[in-house]
Structures are given as C-alpha cells and as structure tokens.
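Visitor: Position 160, counted from 1, in the sequence shown is what the UniProt record's numbering calls 160; the numbers after and before it change by one each time, with no gaps.
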Amino acid sequence: MDIGALLTSAGINIAICVVLLSLYSILRKQPSNVSVYFMRRLISEPIKHSDPFHFERLVPSASWIVRAWQATNEEILAAGGVDALVFLRIVVFSIRVFIIAAAICVFLLLPVNYYGQEMQHKQIHSESLEVFTIGNVKEGSKWFWTHCLALYVISCSACVLLHFEYKNITKMRLAHITGSPVNPSHFTVLVRSIPCSQNHSYSKSVEDFFSTYYPASYVSHQMVYRAGRVDKLMVLCGLVSPLTTKNPTGCRPDLCHPSNSPHLMLKSYNPKPTTVAGMGILA
C-alpha cells in the first residue's frame, strides 16, 4: 500500500471540497444570485437590491456551515420548506448508515481479511491492498460467516433507520399540510398522455385507474380537452397582467379604437388620469 499515493488522493479530494465550498460561499453573497439561493425568502419578504459593494462579498467564509449545522428542523422548515428538510433528513440517514457500515468493516471484517492467510505480515504501510479484502481469506475458511453477519447487520440497521426516518418525514408532511392554508395543489394531480381505449372514454379510463389503484385517496377528476388553448390563455393573461397593473390608480384601460393588437394598444396608450375619468367600454 502506497501511503504517499493515498495521501495524495485524499488531499486532492479535500482540496476540491474546499474550492466548491468557497465558490458557494462567494456566489451566495452576490446580489445577482438572490433569486437562485434565496427564492423562498424573496417571495415571502421583498429584499432590497441596492446594497453598496463590499469587499467581503469576494471573501469566502465558513460561518454559514456552523449555522447550518446548528439549525433545527423547525428552522430548516421555515427557511427552505418541507422538500429541503426531507432532503437533509435523507442525507443524515445516509451518514448514519455509512457510520454503522464503517464501524463493522473496520473492527470486524478488516482483521478477518488481514489474517485470512497463514503468512508472515510486513508492516501495515508496506502491505498491498489485497490483504485487506475478502480475497485474502483462504477458501473454505470458517470465518466467512463474519461477512454474512456484517451484511445482515448493515441491511437490518438500514431498514430500521429507514422505517423511523420515513415515519418522522410522514409526520412532518402531515403537520405541514394541516397547518398550512387550504391549497388545492396539495391534493391535486395533473395527468397527461392518457392512453386511448376503444371500449372506454378518457374520463372513464382515468376514473377506473384511480379507483382501482388509489381507492382511499381518489375523490373526483375533471377532464380538460384541448389543453393547448388553456395554455395560450394563461400565457396571454401573463402578458396582459403587467400592462394593466402599471396604469394609474382609478384608471381603466378600456379605450377602444382600431388596432390589430389589443396588447399593443394597452401598452402604447397611457393617458393621464384626468383624460380617462368617466370613460366606459364602447360597443
């Protein structure tokens, strides 16, 4: 085993991690990246973008790592939402499984593999990596049961941890849904590309599918035909909304005159409040 090569590989990986963490620390301080890293906070409370330039924005810092490590589940839920909390819980679950597997492999499997052959061992740093693997255990050895035991212990530990983690995540999701205002999107699923059936209509196919596989959670459905027209209407509403909101208070953009584009008419015609007062729709 080449200790120098091992240390070089570890040093390269650590250096890459430090560089990536430093880049994240710098990029998250830039005002132009507020919508990338703080979108949820930006939606809940407006953030001012007129901050003067500071040299500290170009200097990486590690204080956010300490705050992130000390954050509670309630703080993560309030700052990032349920999905962010679930993702972090999955990361914590993976770390726990890795710790259990590492402890079993280091204190149980490595000694068995190292002394699997009747041979005179050199110093550990002079040994090859093969003496630490299962290939060093001689054929028909009575110590193979340790590998089976390690697999069972790691698998059972992962299943138990996953059960409790899933139970906690389910409780957090239910608490978040019941504590939040009623939102139809929490209980609505959009289904596209429904397969065509010669015996049933699209509506009947959807009803049969969800009644069969999701009888406890299925309530009803609403078919939307020609969804392309609905998408176009939503796009047009998005174009008209910023134009109408820019009009002065009390003014109505209802002046009608010949024009090929009603959106162009609303955008180009911007009279004073006194000239529009009392003007109605012309039919």
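Backbone N, C-alpha and C fix where the C-beta goes; we use that ideal spot for every residue, glycine too.
Determine the closest residue to residue 284 out of K29, F209, T146, with distance taken between C-alpha atoms.
Guide: Residue coverage of the chain in this structure runs from 1 to 283, which leaves residue 284 outside it and unanswerable.
Visitor: Note down, one range per segment and in chain order, each alpha helix (DSSP H) of at least 4 residues found wholly within the region 157-218.
Guide: 202-213
Visitor: I need the DSSP call for H147, collapsed to helix, strand or coil.
Guide: Along the sequence shown, read from residue 1 onward, the residue named residue 147 stands at position 147. If DSSP states are grouped into helix, strand and coil, H147 belongs with the helices.
Visitor: Please classify N113 as buried or exposed, where buried requires at least 16 neighbouring CB atoms within 10 angstroms.
Guide: Your numbering for residue 113 matches position 113 in the sequence shown. By the neighbour-count rule (16 or more Cβ atoms within 10 Å), N113 is buried.
Visitor: Taking the straight line between their C-alpha atoms, what separation do you get for I100 and L151?
Guide: If you number the sequence shown from 1, residue 100 lands on position 100. If you number the sequence shown from 1, residue 151 lands on position 151. Approximately 11 Å between the Cα atoms of the pair.
Visitor: In whole angstroms, what is the alpha-carbon distance linking N13 and Q70?
Guide: Indexing the sequence shown from 1 puts residue 13 at position 13. Indexing the sequence shown from 1 puts residue 70 at position 70. If you take the alpha carbons of N13 and Q70, they lie about 25 Å apart.
Visitor: When you compare only the Cα positions, how much space is there between H257 and V235?
Guide: Here residue 257 corresponds to residue number 257 of the sequence shown, with the count starting at 1. Here residue 235 corresponds to residue number 235 of the sequence shown, with the count starting at 1. With a pLDDT of only 44 at H257, under the threshold of 50, the placement of this residue in the model should not be trusted, and no figure is reported.
Visitor: Can you tell me which of the three DSSP states P111 falls into?
Guide: Stepping through the sequence shown from its first residue, residue 111 is reached at position 111. Correct three-state label for P111: helix.
Visitor: When you compare each of F38, I26, K171 to residue 289 by their alpha carbons, which one comes out closest?
Guide: It is not possible to answer for residue 289, since the shown part of the chain is limited to 1 through 283.
Visitor: Starting from the C-beta of I194, find all residues in its chain whose C-beta is less than 7 Å away, skip the five residues before and the five after it, and write them out in chain order.
Guide: The sequence position of residue 194 within the sequence shown is 194, counting from 1. Y202, S205, V206.
Visitor: Buried or exposed, going by whether 16 or more other CB atoms sit within 10 Å of the CB of V137?
Guide: Within the sequence shown, numbered from 1, the residue matching residue 137 stands at position 137. When all chains shown are included, V137 counts as buried.
Visitor: For Y225, which three-state DSSP category applies?
Guide: Position 225 of the sequence shown holds residue 225. Coil.
Visitor: Could you round the C-beta distance between V82 and H176 to whole angstroms and report it? I think they count as a contact, below 8 Å.
Guide: By 1-based counting over the sequence shown, the position of residue 82 is 82. By 1-based counting over the sequence shown, the position of residue 176 is 176. With a Cβ gap of about 5 Å, V82 and H176 count as contacting.
Visitor: Would you report the Cα separation of N199 and F210, rounded to the nearest angstrom?
Guide: Taking the first residue of the sequence shown as 1, we reach residue 199 at position 199. Taking the first residue of the sequence shown as 1, we reach residue 210 at position 210. N199 and F210: Cα-Cα distance of roughly 17 Å.
Visitor: In its own chain, which residues sit with a C-beta less than 7 Å from the C-beta of P25, not counting the 5 before and 5 after it?
Guide: Residue numbering aside, residue 25 sits at position 25 when the sequence shown is read from its first letter. One point to set straight first is that residue 25 is Ser, not Pro, in the sequence displayed. Taken in chain order, the residues that qualify are P60, S61, W64.
Visitor: Curious, which full-length alpha helix (DSSP H) runs of at least 4 residues does the region 48-75 contain?
Guide: 63-70
Visitor: Quick check on DSSP: helix, strand or coil for S220?
Guide: Taking the first residue of the sequence shown as position 1, residue 220 is located at position 220. It is coil, neither helix nor strand.
Visitor: Leaving out five residues before and five after S157 in sequence, what residues of the same chain have Cβ atoms less than 6 Å from its Cβ?
Guide: The count along the sequence shown starts at 1 and reaches residue 157 at position 157. Excluding sequence neighbours, S157 sits near I100.
Visitor: So what's V137 in DSSP terms, helix, strand or just coil?
Guide: Here the question's residue 137 lines up with position 137 in the sequence shown. Three-state result, V137: coil.
Visitor: Would you kindly check if the distance between the Cβ of L161 and the Cβ of R96 is under 7 Å?
Guide: Against the sequence shown, residue 96 aligns to sequence position 96. Against the sequence shown, residue 161 aligns to sequence position 161. Result yes, Cβ atoms of R96 and L161 sit closer than 7 Å.
Visitor: Evaluate V131 with the Cβ neighbour count: other Cβ atoms within 10 Å of its Cβ, from every protein chain shown; 16 or more gives buried, anything less gives exposed.
Guide: Along the sequence shown, read from residue 1 onward, the residue named residue 131 stands at position 131. The residue is buried, with at least 16 neighbouring Cβ atoms inside 10 Å.
Visitor: Between the alpha carbons of Y37 and A78, how many angstroms are there, rounded?
Guide: Taking the sequence shown and counting its residues from 1, one reaches residue 37 at position 37. Taking the sequence shown and counting its residues from 1, one reaches residue 78 at position 78. Each residue's Cα considered, the two are about 15 Å apart.
Visitor: Among residues of its own chain, excluding the 5 on either side of S35, which ones have a beta-carbon nearer than 8 Å to its beta-carbon?
Guide: For the purposes of this step, residue 35 is identified with residue 35 of the sequence shown, where counting begins at 1. Result list for S35: L42, in chain order.
Visitor: Can you give me the C-alpha to C-alpha distance between A103 and V153, rounded to a whole angstrom?
Guide: Taking the sequence shown and counting its residues from 1, one reaches residue 103 at position 103. Taking the sequence shown and counting its residues from 1, one reaches residue 153 at position 153. Going from the Cα of A103 to the Cα of V153 covers about 11 Å.
Visitor: According to DSSP, is F98 part of a helix, a strand, or is it coil?
Guide: Indexing the sequence shown from 1 puts residue 98 at position 98. Reduced to three states, the DSSP call for F98 is helix.
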